[in-house]
Amino acid sequence: MSAAAAEQGATAAAAERPRFSLGNPWSKPRWLTGITWVYILWSLLPVLLAIRVAFNEGRSRTSIDGWSLKWFFGDSNFSVFGDPTLQDALTHSLLLAGLAMLIATPLGIMLAIGLQRWRGRGSGPSNVVALLPLVTPELVFAVGLFLLFTTLLSTIGLGTTAQAIGHVTFSMSFVVVIVRGRLVTIGPDVEEAAADLGAPPLAVIWRILLPLLAPAIAASLLIVFALSIDDFVVSQYLASGAETTTVPMRIYAQARGAPLPSLNALATLMLLFTLLALVLAYGVFRFMTRGEKRGSAIEQIASIDSGGGR
Amino acid sequence: MSEGDIRLEGLVKNYGDVVAVDGISLHVPPGEFFTMLGPSGCGKTTTLRMIAGFERPTDGQILLDGVEMSSTPPHKRRVNTVFQHYALFTHMTVAENVGFGLRYQQVGKDEAKRRVDAVMEMVQIGELGERRPSELSGGQQQRVALARALVLEPPVLLLDEPLGALDARLRLDLQVELKRIQEQLEVTFIYVTHDQDEALTMSDRVAVMKDGKIEQCDVPAKLYEEPDTAFVANFLGSANLLNVEARAAGDHCEVMLGNFTLRSNSSPEQAGVGKAMIRPEYVKLEPQGADGENRVPGMVEEVVYMGFHQDVRVRLANGDLIRATVPSDGESPEYHQGNAVAVYLRAANLRVLDDSPEKATGETADQADTAAA
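Chain order of the listed sequences is A and B.
Going by this note's numbering, the letters in the first sequence line up with residues 16 to 325, in that order.
Going by this note's numbering, the letters in the second sequence line up with residues 2 to 374, in that order.
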């Protein structure tokens, strides 16, 4: 009797203030929220530590030691802006990223339009092949390119050109994914409508298709920039010497020699560039697709996000 | 000479093994409101897209004012299209959308502006010129799409289910308006829809399509009153279909419905074993025992109240179920399940249908309903 009453009381209390239990589908998923936060903090922790060390006063890269900006500008020999090798690496990284942006984006757009239009034999497989670089292990890809440029294409050889071609090759797939997503949203109707109203094929592309693709193009440019500036494996394999060293290569090499917090400062700058590119990509896309149906924009952004996760 | 004469001759479109359009020939004279009506997959949109130039016919000819144009690319054809989902250019303002096509015609700037303003006035979006398409309602967007096509003054306007994405109320308004614009401009309209009301209310002529072929092509009243096939009878309005044997009798037919002999004013050429059709609104219910020509005894099986009328289902003495529409006009008696009645099937409204085997497959829910004995 009393047990039953207690049970009843407990049920009433549960009804008032739902608690977590596996049997209660209405309870708030506190555990899931908790686990998610633990994961987020854990994944950010090393990055935050590395950034913190960049602001160290002392020369140690293993302990936290005061605050200063000397590893960015202050130290005339060893800071990012004092050490010419670090500066060269930064310049070279930016050069490669710029080249990759300007070459991979137009090529990717054309590839995306081509794949979207191509119906019939061969279109299925080529769809898969075009996206293969997204899943190919980068090391395999880089080794392959290395062999190519040292044997078959030895006229090009290793160096900046080879590095740029490598970056263009793997980043094009991301452009294809982003642009095709947008093409699906745009649909074939508007192009037909433009042709129907008298616009010749080239005018359809210039006046209708490209303006409507603008958000995807902007997003592609920035994603390619972020991918290229982050890249280590392809750059490393296709490098020909000191003048083709990129920032990630520099950091990797120096970390084993005489590491100073200036490396962390450089890495922090890189992180800033990449983040800026991604935030810009997202922002520009949102801005340019404002007023469009919510669902489609979110789909687009989802495809960008998955692209940035490489 | 007025322009806008469209002639299709033996038009065929195959996609691999699939035959989408199977030999369509028709003639639309200038200024006609012509509708292609049919269920999805009947080839009506494909036919329209071939006229617009988006698809190339596998075979056959498309002639505009006597000139073959099936190999002319869409941007050089003097026909314009209104799309079901509007297909507006979202990166341009409404006025820019409407003026888009004029850029490709040799039209001066002032002239272009005047024409854009005039056409926007006509479709009642005069004050929306600076808006973006995304800021407009569905009905307004479709008006922009209409204005964008009409500003080019095409001799033929193609409309692909233009009201399909709008809600019922708006559809009615726009139906009236489309008809007004068409009459005012005397443009040939080729209109594609699967909505029988749209087809009946707006069109000068309707082609009912099925499986890539034209089933019947005529003025709306004729299609409704005198359908040739069971498919047409069912697709336009509802129909009672009875399995009968028809015999020629002078200038009319004698229809054998079970043991009952009925008279039908259909031509004696239609005689044979097949189907007879009568619309529910022509089925008259009379008190039990009423006699005279074409009376069949029956019993009320079900009464469905529909607001402005009652849908009364009567089991005839031969076993067939027939639907009668009894108006709720305060004079007709109320019927109840189990009432014995005499069903009067007027000879003028009882039609013997063409029921060749390949045409007898178009059964819809309505027919299945009637046949569910």
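The beta carbon of each residue, even a glycine, is placed where N, CA and C say it ideally should be.
Please read these numbers as outputs of a predicted model, since none were measured by experiment.
Would a C-beta distance cut-off of 8 angstroms place residue i and residue j closer than the cut-off?
i       : j       : result
F185(A) : I244(A) : no
A233(A) : V183(A) : no
A280(A) : W82(A)  : no
S235(A) : T120(A) : yes
V95(B)  : R132(B) : yes
A291(B) : A343(B) : yes
L354(B) : A208(B) : no
V120(B) : D161(B) : no
P274(A) : R76(A)  : yes
A210(A) : R222(A) : no
V20(B)  : G320(B) : no
R324(B) : P281(B) : yes
M217(B) : D229(B) : A small fix is needed here, since residue 217(B) is Gln in this sequence, not Met. Contact: yes.
H92(B)  : L227(A) : yes
S265(B) : A247(B) : yes
CB-CB under 6 angstroms to residue i, same chain, minus the five flanking residues each way: which ones, in chain order?
i       : result
Q178(A) : L111, S250 and L253
A88(B)  : none
L198(A) : Q131
N71(A)  : D80 and P276
G11(B)  : G24, S26 and G61
S3(B)   : P31
V248(A) : E153, L154 and A157
G174(A) : S255 and T259
V305(B) : D312
L151(B) : V120
S267(B) : C254, R352 and V353
L225(A) : none
Spatial neighbours of residue i within its chain, please: C-beta separation below 8 angstroms, excluding the five flanking residues on both sides.
i       : result
G310(A) : Because G310(A) sits at a pLDDT of 44, beneath the cut-off of 50, its placement in the model cannot be relied upon, and the point is left open.
P422(B) : No statement about residue 422(B) is possible, as the shown extent of chain B runs from 2 to 374 and does not include it.
D174(B) : G140
L153(B) : N81, G102, L103 and Q106
K308(A) : The predicted position of K308(A) is uncertain, since its pLDDT is 49 and thus under 50; a value taken from the coordinates is nonetheless stated next. Closer than 8 angstroms at the Cβ level, and outside the excluded window around K308(A), lies no residue.
Below 8 angstroms on the Cβ atoms is my contact criterion, and I expect residue i with residue j to pass it. Report the Cβ-Cβ distance as a whole number of Å.
i       : j       : result
G61(B)  : V157(B) : Going by Cβ atoms, the distance from G61(B) to V157(B) rounds to 17 angstroms, so no, they are not a contact pair.
A127(A) : R195(A) : 5 angstroms
V327(B) : Q311(B) : 5 angstroms
I191(B) : M123(B) : The pair is not a contact, with the Cβ atoms about 20 angstroms apart (cut-off 8 angstroms).
P163(B) : V83(B)  : 5 angstroms
L237(A) : A292(A) : 4 angstroms
Residue range of the alpha helix (DSSP H) that residue i falls in?
i       : result
D103(A) : P99 to R132
P140(A) : S138 to L146
A96(B)  : V95 to G100
Q384(B) : Nothing about residue 384(B) can be read from this structure; chain B reaches only from 2 to 374.
P276(A) : P276 to M303
S250(A) : V248 to L253
P230(A) : L225 to D245
R265(A) : V262 to R271
Nearest to residue i by alpha carbon, out of the options?
i       : options                               : result
L263(B) : A272(B), A348(B), A200(B) and F190(B) : A348(B)
S26(B)  : S41(B), D18(B) and K45(B)             : K45(B)
G67(B)  : R8(B), V108(B) and S333(B)            : R8(B)
L146(A) : V219(A), V190(A), L63(A) and L295(A)  : V190(A)
Y283(B) : L167(B), V245(B), E226(B) and F261(B) : E226(B)
P74(B)  : L186(B), P58(B) and R314(B)           : P58(B)
G165(B) : Q185(B), P228(B) and S41(B)           : S41(B)
G308(B) : N319(B), A318(B), K110(B) and D330(B) : D330(B)
D205(B) : D196(B), E199(B), V220(B) and V22(B)  : V220(B)
N350(B) : N295(B), K77(B) and D196(B)           : N295(B)
V13(B)  : I63(B), D118(B) and V83(B)            : I63(B)
G273(B) : G39(B), S138(B), L186(B) and R352(B)  : R352(B)
A169(B) : K77(B), V145(B), D196(B) and E69(B)   : D196(B)
L137(B) : D18(B), E112(B) and F90(B)            : F90(B)
V29(B)  : L159(B), V245(B) and Q289(B)          : L159(B)
What does a CB cutoff of less than 7 angstroms around residue i pick up in its chain, not counting 5 residues either side in sequence?
i       : result
D320(A) : Note on D320(A): pLDDT 42, under 50, position unreliable in the model; the coordinate value appears next. So no residue of the chain qualifies.
S318(A) : Below a pLDDT of 50, predicted positions are generally treated as unreliable, and S318(A), at 47, falls in that range; no measurement from the model is reported.
T362(B) : Bear in mind that a pLDDT of 40 at T362(B), under 50, signals an unreliable position, so the number given afterwards is only what the model happens to contain. Here the set comprises nothing.
T202(B) : Q176
P44(A)  : none
Could you give the residue range of the beta strand (DSSP E) that holds residue i?
i       : result
I279(B) : G273 to I279
E216(B) : K214 to D219
I7(B)   : I7 to Y16
L160(B) : V157 to D161
F185(A) : Per DSSP, F185(A) belongs to no beta strand (DSSP E); it is in the alpha helix (DSSP H), T175 to I201.
G331(B) : Segment: none, G331(B) is in no beta strand (DSSP E) and carries neither H nor E.
G49(A)  : Premise fails: G49(A) lies in the alpha helix (DSSP H), R45 to A69, not in any beta strand (DSSP E).
Cβ closer than 7 angstroms: which chain D residues qualify as neighbours of residue i?
i       : result
A210(A) : Here chain D cannot be found, since the structure's protein chains are A and B.
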